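Working notes, structure below.
Residue numbers (our numbering): 9 to 143.
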């Protein structure tokens with residue numbers, strides 16, 4: 009949110025929007041159409057393309073023994089691994105692959121918030137646990 013008005017700034021609005029999109033995708037109990045899966049994947053990839061360098065920068069600026077920064081670095085490795093996965097066979101395989109990418113979007117959004125001081129590590133851990141339990 010901006011400090012002056014009541015309108016959210018672009019980054020905050022984008023973060024809320026992408027989190028909502030990732031959460032929606034993860035909550036689907038029926039298989040979405042192939043075009044829908046592709047569209048979500050494209051959006052998640054763009055988001056991670058912007059988010060990965062930000063989280064890397066924040067983690068690099070943290071002390072070497074900082075636990076949240078270490079956890080964020082592990083999440084960065086996992087996000088890159090997921091982005092490198094080859095296209096899966098069939099719609100179900102693709103949905104599962106894109107679900108893993110969506111989980112990385114949520115994880116890195118949380119790590120970004122913790123490292124940027126927007127949220128505490130404990131609040132992030134509680135939310136991540138709740139999200140993992142839900143999926």
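Where a beta carbon is used, it is the ideal one built from N, C-alpha and C, also for glycine. The structure presented is a predicted model; accordingly, all values stated were derived computationally and were not measured.
| Asked | Found |
| --- | --- |
| Uninterrupted alpha helix (DSSP H) stretches inside the stretch 19-55 (no shorter than 4 residues) | none |
| Residue 73 in three-state terms, based on DSSP | coil |
| Residue 37 versus residue 103 - alpha carbon distance | 11 Å |
| Buried versus exposed call for residue 30 [16 or more other C-beta atoms within 10 Å across all chains shown] | buried |
| Nearest-angstrom Cα separation, counted from residue 123 out to residue 70 | 8 Å |
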